[in-house]
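Colleague: Below is one structure. I have some questions about it.
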Amino acid sequence: MPRLTSAERERAIGRLEAGDTPEAGAATFQCHISTIYRLLQRFVITGSTADAERSGRTRVTTPRQDRHIFRSHVAHPFRTAAETARTAIGTHQAPISRQTASRRLRFRGLKNCRPARGPVLSVRHRQARLHWAQGLLNWNNVRWQNVLFSDESRFCIDHADGRVRVWRRSGYRWGGPSLMLWGAIGHNQVLGPVIFQGLGPGPGNCVTAQRYMDQVLHPHVLPFFQAHGNWVFQHDNARPHTVRATQDLLHRSGIQVMPWPALSPDMNPIEQFWDLLQTQLNRVVPRPTTVADFDRAVRQAWTNIPRQASNTLVRSMHRRCQAVIDANGGHTRY
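Residue numbers (our numbering): 3 to 336.
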């Protein structure tokens, strides 16, 4: 039989004071008559319908041990609660449980989170990011709608989780067949995907400035800006983007390039577009087993992403700038 709520207890006492019998109260609140009698007795003795304070289970750690557990994790954030539990002796002269150690840490305000993943930002990087965000904070959505955001990303057939070991030649990295993609997004605009040709798993098979110009700029970026002359082009500070040949080509073509702070992938909305692409690829069944199948799957997944997604990401630029300022140039949630 369910317990009476606080409101029901107050109502029951009120009805008894108004002249109801305990039997009528039990019928009204659908409880045993002894419940009404005990409630009335408690109210007469204590003047309240609340439960009496219970002693509860005896704590297995002292306040001094609680402080030690907290300080050990502040000094060593990667220490696990299980490790602390194995070394901490409770009041019963036995090791405490992992759950107890976790509760003591949460009570002190510590949370069990994944460690942050991202580039290490020096003071110079943080200052550059902060200056960049402050300079563009006053841009409204109309100005951001005339920016074409671009990036490269590698997608693998198999997701290496660090547990599977492979036999490979020295100097080679292998995680299964993969493709290097280039793409760009803007307001009502999506360019790509460009799948770089001639790249393999061995060393030296990377995106060079010549490949970038031949496979991206000439066939895709330059024609786009011929039709959208008032737009601004964004790409990061990767080596193929900053060499003199690339810069000269963009300058001769009259394309305005947005200055970009180093180590700032969280500022580029296309990073979330890659996540949307990966979500689409995860739905492909059966999984591609060859590079050709994977190529087709990537192109199909790209077309399945709603076009409205790019508009939503572009509209987040003002919030991204504000997040950088709030973090004083540090990492953001993006």
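We put the CB at the ideal spot given by N, CA and C, even for glycine. Small disclaimer: the values here were computed from a predicted structure and weren't measured.
1. One question on the structure: do Ala-135 and Ile-327 come within less than 7 Å of each other, judged by their Cβ atoms?
2. Shortest alpha-carbon distance to Arg-116 belongs to which of Pro-79, Asp-277, Arg-126?
3. Quick check for students: name the residue ranges of the beta strand (DSSP E) that lie wholly in the region 233-319, counting only runs of 3 or more.
4. Where does Ile-35 sit, in a helix, a strand or coil, going by DSSP?
5. Let me know if Ser-50 comes out buried or exposed under the rule of 16 or more other beta-carbons within 10 Å of its beta-carbon.
6. Using C-beta distances below 6 Å, list every residue in its chain close to Ala-130, excluding the 5 sequence neighbours before and after it, in chain order.
7. Using beta carbons (cut-off 7 Å, strictly below), is Gly-49 in contact with chain C?
8. Note down, in chain order, each residue of its chain lying with its Cβ closer than 7 Å to the Cβ of Gln-199, except the 5 sequence neighbours on either side.
9. What residue range does the beta strand (DSSP E) around Glu-55 cover?
10. Give a yes or no on whether the C-beta atoms belonging to Gly-92 and Thr-63 are separated by under 7 Å.
11. Specify the secondary structure class of Gln-191 as computed by DSSP and reduced to three states.
12. Taking three-plus beta-carbon pairs below 8 Å as touching, is the region 267-286 in contact with the region 301-321?
13. Does the distance from the CB of Leu-150 to the CB of Ala-186 come in under 7 Å?
14. Taking the alpha-carbon of Pro-221 as reference, which of Pro-242, Gly-194, Asn-232, Leu-6 has the nearest alpha-carbon?
15. If we call anything under 7 Å between Cβ atoms a contact, is Phe-226 one with Ile-257?
16. Check each candidate in Leu-42, Ser-36, Ala-294 and name the one with the smallest Cα separation from Arg-17.
17. On the criterion of 16 or more Cβ atoms from any shown chain inside 10 Å, does Ala-87 qualify as buried, or is it exposed?
18. Considering just the uninterrupted stretch of the beta strand (DSSP E) at Phe-80, what are its terminal residues?
19. Taking the DSSP output, what are the residues bridged to Ile-47?
20. Helix, strand or coil: how does DSSP classify Arg-110 here?
21. Ignore the nearest five residues each way along the sequence and tell me which others in Glu-154's own chain have a CB closer than 7 Å to its CB.
22. Consult DSSP for Leu-183 and reduce its assignment to one of helix, strand or coil.
23. Output the distance between the C-alpha atoms of Pro-261 and Val-286, rounded to the nearest integer angstrom.
24. Can you tell me where the alpha helix (DSSP H) with Arg-17 in it begins and where it stops?
25. Between the alpha carbons of Ala-294 and Ala-240, how many angstroms are there, rounded?
26. Spell out the partners DSSP gives Arg-156 in its beta bridges.
27. Looking at the strands, I want to know which residues DSSP matches up with Pro-97.
28. So the candidates are Ser-57, Ala-229, Ser-8; which of them puts its Cα closest to the Cα of Gln-191?
29. Sort out for me which residues DSSP pairs Phe-151 with in a bridge.
30. Report the residue from Met-269, Ala-329, Val-122 whose alpha carbon sits nearest the alpha carbon of Tyr-336.
Modeller: The relevant details are as follows:
1. Mapped onto the sequence shown, residue 135 falls at position 133. Mapped onto the sequence shown, residue 327 falls at position 325. In this structure, Ile-327 lies closer than 7 Å to Ala-135 by Cβ.
2. Counted from its first residue, the sequence shown places residue 116 at position 114. Residue Pro-79 is the option with its Cα nearest to Arg-116.
3. 234-236
4. Taking the sequence shown and counting its residues from 1, the one referred to as residue 35 is at position 33. In this structure, Ile-35 counts as helix in the three-state DSSP scheme.
5. Position 48 of the sequence shown holds residue 50. Ser-50 is exposed by the Cβ-count criterion.
6. Counting from one through the sequence shown, the residue named residue 130 turns up at place 128. Closer than 6 Å at the Cβ level, and outside the excluded window around Ala-130, lie Pro-263.
7. Going by chain labels, chain C is absent from the structure shown, which holds only one protein chain.
8. Taking the sequence shown and counting its residues from 1, one reaches residue 199 at position 197. Excluding sequence neighbours, Gln-199 sits near Gln-217.
9. The residue you call residue 55 lines up with position 53 of the sequence shown. Neither: Glu-55 is in no beta strand (DSSP E) and is coded neither H nor E.
10. Here residue 92 refers to the residue found at position 90 of the sequence shown. Here residue 63 refers to the residue found at position 61 of the sequence shown. In this structure, Thr-63 lies closer than 7 Å to Gly-92 by Cβ.
11. If you number the sequence shown from 1, residue 191 lands on position 189. Note: Gln-191 maps to strand in three-state DSSP.
12. yes
13. Here the question's residue 150 lines up with position 148 in the sequence shown. Here the question's residue 186 lines up with position 184 in the sequence shown. Contact: yes.
14. For the purposes of this step, residue 221 is taken as residue 219 along the sequence shown, with counting starting at 1. For the residues Pro-242, Gly-194, Asn-232, Leu-6, the minimum Cα distance to Pro-221 belongs to Gly-194.
15. Here residue 226 refers to the residue found at position 224 of the sequence shown. Here residue 257 refers to the residue found at position 255 of the sequence shown. The answer is no: Cβ separation not under 7 Å.
16. In the sequence shown, the residue the question calls residue 17 occupies position 15. The shortest Cα separation from Arg-17 among Leu-42, Ser-36, Ala-294 belongs to Leu-42.
17. On the sequence shown, position 85 is the one that residue 87 refers to. Result: buried.
18. Here residue 80 refers to the residue found at position 78 of the sequence shown. That residue, Phe-80, is in no beta strand (DSSP E); it is neither H nor E in DSSP.
19. As a first step, residue 47 is located in the sequence shown; it is residue number 45 there, counting from the start. In the DSSP output, where bridge partners are listed per residue, Ile-47 has none listed.
20. For the purposes of this step, residue 110 is taken as residue 108 along the sequence shown, with counting starting at 1. It is coil, neither helix nor strand.
21. Taking the sequence shown and counting its residues from 1, one reaches residue 154 at position 152. These residues qualify, in order along the chain: Met-182, Leu-183, Trp-184, Val-209.
22. In the sequence shown, the residue the question calls residue 183 occupies position 181. Looking at Leu-183 - three-state DSSP - the assignment turns out to be strand.
23. Locating residue 261 in the sequence shown gives position 259, where the first residue counts as 1. Locating residue 286 in the sequence shown gives position 284, where the first residue counts as 1. Going from the Cα of Pro-261 to the Cα of Val-286 covers about 37 Å.
24. Counting from 1 along the sequence shown, the entry for residue 17 is found at position 15. Start and end: 8-19.
25. If you number the sequence shown from 1, residue 294 lands on position 292. If you number the sequence shown from 1, residue 240 lands on position 238. Going from the Cα of Ala-294 to the Cα of Ala-240 covers about 28 Å.
26. Numbered from 1 along the sequence shown, position 154 holds the residue referred to as residue 156. Arg-156 is bridged to Met-182.
27. Here the question's residue 97 lines up with position 95 in the sequence shown. Paired residue(s): Ile-91.
28. Stepping through the sequence shown from its first residue, residue 191 is reached at position 189. Of Ser-57, Ala-229, Ser-8, the residue nearest in Cα terms is Ala-229.
29. Position 149 of the sequence shown holds residue 151. Paired residues: Ile-187, Gln-236.
30. The residue labelled residue 336 in the question sits at position 334 within the sequence shown. The shortest C-alpha separation from Tyr-336 is found at Met-269.
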